[in-house]
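Enquirer:
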Amino acid sequence: MGTNPLVASELIRASVEPVLEQYRPAVVASLTFSKLTLGTVAPQFTGVSIVEGDENGMTMELDMNWDGNPNIVLGIKTLVGVSLPVQVKNIGFTGVFRLIFRPLVDEFPCFGAETIRDAVEDSITWPVRKVIPILPGDYSDLELKPVGMLEVKLVQAKNLTNKDLVGKSDPFAKMFIRPLREKTQRSKTINNDLNPIWNEHFEFVVEDASTQHLVVRIYDDEGVQASELIGCAQIRLCELEPGKVKDVWLKLVKDLEIQRDNKNRGEVHLELLYVPFGAGSNGIVNPFASSSMTSLERVLKNDTTDEENASSRKRKDVIVRGVLSVTVISAEEIPIQDMMGKADPYVVLSMKKSGARSKTRVVNDSLNPVWNQTFDFVVEDGLHDMLVLEVWDHDTFGKDYIGRCILTLTRVIMEEEYKDWFPLEESKAGKIQLHLKWMAQSIYRDS
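Every letter in the sequence shown is one number past the one before it in this note's numbering, and letter 42, counting from 1, is 1045.
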């Protein structure tokens, strides 16, 4: 490692001559360098080592030696005018330089990572349009404006990774379209459950449905400590058909930027409805002009008459009430539950919000039972209730849990009637066939 000898000579002259002047004897009129060159041999760094220190700094030691060929002449002028030149040759030294690197301040003031993230991340994660006026005028029509609302029903999650050493995780969800704190929605925490059921509604403003996406992050609530991320998922809004409810299960990953993530972190279940503003031609219109009503309620009520709409504008909220008819038809591939290679399955049906319960008969010695039993439930609030079906194995001295199926009422309310197969959750295998029918009786709650 070398250095510029001219630069080094001038630095030494500028720093040493004031010191010589300070210690100049009284009999000497001046004491300066008449000639100062460090020669052609550069100092050598022969070793570098890092000294163990605290976390707030780093100490580096540099081993250095120099055996140079300088030409240094010191000019001494006495009070009587006599000059006495003094020449220095063959200077050499060996030493250790210690460099200590520390932050300028112990704690960076004024703002932190959250402030920087809010200011920077939002502007680089979706196409914010920057309008630069050249001529005077109104450019408001060029700026991006809200184009619609996205309603999200956070239904449930399953098979979440356990982040707790003792017990199970306490999951909650955060969702956003734009990554700003004031635009991020948070669900309630479900304690000690790796298969949480939330059934919560959220609404988001959409500025650009063609490029934006909804991000869902599932965390483990650690109380006073920082929450730990379990997994995250996202869905592009351009995949949603306006006015149509989309039912999706999204696989959770560690990082949305990393495509290859083979670890099973669980899945999250969402129901999504995108409603563009002013989409009256598609029948997606808010007939009540009520901010308290969800977009799903607006779609469900868009077929009311003008007379009904006029009277309903004075109302605050709508409740979708009716009778849910559930026919438990059959099940297939039920896991073996006894030594004989069979099971004695039956189904327990319950409404999560109202708590109403019913159960089928027991089908003995069958892994593919057929029930064909129908049950009716009076539902007071169909948009916010859920149907839970649990399959159990009957034993003489007890019962064994096999699996469950959880359904929102969104699809049956929209379609009025359907029949389908549903896989059993929390079970190695098995599926159940159901026929659901909805008989609506909408009522209104006064404001």
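The beta-carbon is built from N, C-alpha and C at its ideal position, and this holds for glycine as well.
Taking the alpha-carbon of PRO1021 as reference, which of THR1035, MET1417, PHE1175 and ASP1368 has the nearest alpha-carbon?
Expert: Against the sequence shown, residue 1021 aligns to sequence position 18. It is THR1035.
Enquirer: Taking the C-alpha atoms as reference points, what is the distance between ALA1017 and LEU1077?
Expert: Taking the sequence shown and counting its residues from 1, the one referred to as residue 1017 is at position 14. Taking the sequence shown and counting its residues from 1, the one referred to as residue 1077 is at position 74. The straight-line gap from Cα to Cα measures roughly 14 Å.
Enquirer: Note down, one range per segment and in chain order, each beta strand (DSSP E) of at least 3 residues found wholly within the region 1235-1282.
Expert: The region 1235-1282 contains these whole beta strand (DSSP E) runs: 1249-1254 and 1270-1279.
Enquirer: Looking at the secondary structure, which residues open and close the alpha helix (DSSP H) in which MET1061 lies?
Expert: As a first step, residue 1061 is located in the sequence shown; it is residue number 58 there, counting from the start. Not the alpha helix (DSSP H): MET1061 falls in the beta strand (DSSP E), residues 1061-1070.
Enquirer: Return the chain-ordered list of same chain residues with a C-beta closer than 6 Å to the C-beta of GLY1170, the five sequence neighbours on each side being excluded.
Expert: In the sequence shown, counting from the first residue as 1, residue 1170 sits at position 167. ASN1195, listed in sequence order.
Enquirer: According to DSSP, is ARG1189 part of a helix, a strand, or is it coil?
Expert: Mapped onto the sequence shown, residue 1189 falls at position 186. If DSSP states are grouped into helix, strand and coil, ARG1189 belongs with the strands.
Enquirer: Does the distance from the CB of ILE1221 to the CB of VAL1271 come in under 8 Å?
Expert: Here residue 1221 is taken as the residue at index 218 of the sequence shown, counted from 1. Here residue 1271 is taken as the residue at index 268 of the sequence shown, counted from 1. Going by C-beta atoms, ILE1221 is nearer than 8 Å to VAL1271.
Enquirer: Determine the contact status of ASP1070 and GLY1050, defining contact as a CB-CB distance below 8 Å.
Expert: Counted from its first residue, the sequence shown places residue 1070 at position 67. Counted from its first residue, the sequence shown places residue 1050 at position 47. No, they are not a contact pair.
Enquirer: Answer yes or no: do VAL1248 and MET1389 have a C-beta to C-beta separation smaller than 8 Å?
Expert: As a working mapping, residue 1248 is identified with position 245 in the sequence shown. As a working mapping, residue 1389 is identified with position 386 in the sequence shown. Cβ atoms of VAL1248 and MET1389: not closer than 8 Å.
Enquirer: State the Cα-Cα distance for the pair PHE1048 and THR1040, rounded to the nearest angstrom.
Expert: Working through the sequence shown from its first residue, we reach residue 1048 at position 45. Working through the sequence shown from its first residue, we reach residue 1040 at position 37. The straight-line gap from Cα to Cα measures roughly 21 Å.
Enquirer: Mind reading off the beta-carbon distance from ILE1180 to LEU1153? Whole number of angstroms is fine, and I expect it under 8 Å.
Expert: For the purposes of this step, residue 1180 is identified with residue 177 of the sequence shown, where counting begins at 1. For the purposes of this step, residue 1153 is identified with residue 150 of the sequence shown, where counting begins at 1. Yes, they are in contact, since the Cβ atoms of ILE1180 and LEU1153 sit about 7 Å apart, within 8 Å.
Enquirer: For LEU1240, I'd like the list of residues in its chain whose CB is within less than 7 Å of its CB, leaving aside the five on either flank, ordered along the chain.
Expert: Numbered from its first residue, the sequence shown carries residue 1240 at position 237. Hits under 7 Å: LEU1153, VAL1209, ALA1212, GLN1215, HIS1216, LEU1217 and TYR1277.
Enquirer: Looking only at its own chain, which residues have a Cβ that is under 8 Å from the Cβ of ILE1339, when we skip the five neighbours before and after it?
Expert: On the sequence shown, residue 1339 is found 336 positions in, with the first residue counted as 1. Result list for ILE1339: LYS1345, ALA1346 and LEU1370, in chain order.
Enquirer: Using a Cβ-Cβ cut-off of 6 Å (strictly less than) and excluding sequence neighbours within five positions of GLU1383, which residues of its own chain qualify?
Expert: In the sequence shown, residue 1383 corresponds to position 380, counting from 1. For GLU1383, where only same-chain residues beyond five positions count, the Cβ hits under 6 Å are ARG1324.
Enquirer: Closer than 6 Å by C-beta to LYS1356: which residues in its own chain qualify, once you throw out the five before and the five after it? Chain order, please.
Expert: In the sequence shown, residue 1356 corresponds to position 353, counting from 1. Only ASP1388 meet the Cβ criterion.
Enquirer: Flag this pair as yes or no: are the beta carbons of LEU1439 and ARG1407 separated by less than 8 Å?
Expert: Position 436 of the sequence shown, counted from the first residue, corresponds to residue 1439. Position 404 of the sequence shown, counted from the first residue, corresponds to residue 1407. No, Cβ-Cβ distance for LEU1439 and ARG1407 is not below 8 Å.
Enquirer: State the DSSP-derived secondary structure class of LEU1147, mapped to helix, strand or coil.
Expert: Translated into the one-based positions of the sequence shown, residue 1147 becomes position 144. LEU1147: coil per DSSP, three-state reduction.
Enquirer: Cα separation between GLY1358 and VAL1329?
Expert: Stepping through the sequence shown from its first residue, residue 1358 is reached at position 355. Stepping through the sequence shown from its first residue, residue 1329 is reached at position 326. When rounded, the distance between both Cα atoms is 15 Å.
Enquirer: Which class does VAL1382 belong to by DSSP, given the choice of helix, strand or coil?
Expert: For this step, residue 1382 is matched to residue 379 along the sequence shown. It is a strand residue.
Enquirer: Roughly how many angstroms separate the alpha carbons of VAL1351 and ILE1405, rounded to a whole number?
Expert: On the sequence shown, position 348 is the one that residue 1351 refers to. On the sequence shown, position 402 is the one that residue 1405 refers to. Approximately 11 Å between the Cα atoms of the pair.
Enquirer: For ARG1027, I'd like the list of residues in its chain whose CB is within less than 7 Å of its CB, leaving aside the five on either flank, ordered along the chain.
Expert: If you number the sequence shown from 1, residue 1027 lands on position 24. The residues are LEU1034.
Enquirer: Tell me the DSSP bridge mates of HIS1204?
Expert: Working through the sequence shown from its first residue, we reach residue 1204 at position 201. HIS1204 is bridged to LYS1156.
Enquirer: Using only the alpha-carbon positions, how far apart do ASN1165 and GLU1393 sit?
Expert: Stepping through the sequence shown from its first residue, residue 1165 is reached at position 162. Stepping through the sequence shown from its first residue, residue 1393 is reached at position 390. Rounded to whole angstroms, ASN1165 to GLU1393 spans 23 Å at the Cα level.
Enquirer: Identify which residue in MET1354, SER1361, ASP1396 and VAL1373 has its Cα closest to the Cα of GLY1385.
Expert: If you number the sequence shown from 1, residue 1385 lands on position 382. Measuring from the Cα of GLY1385, the nearest candidate turns out to be MET1354.
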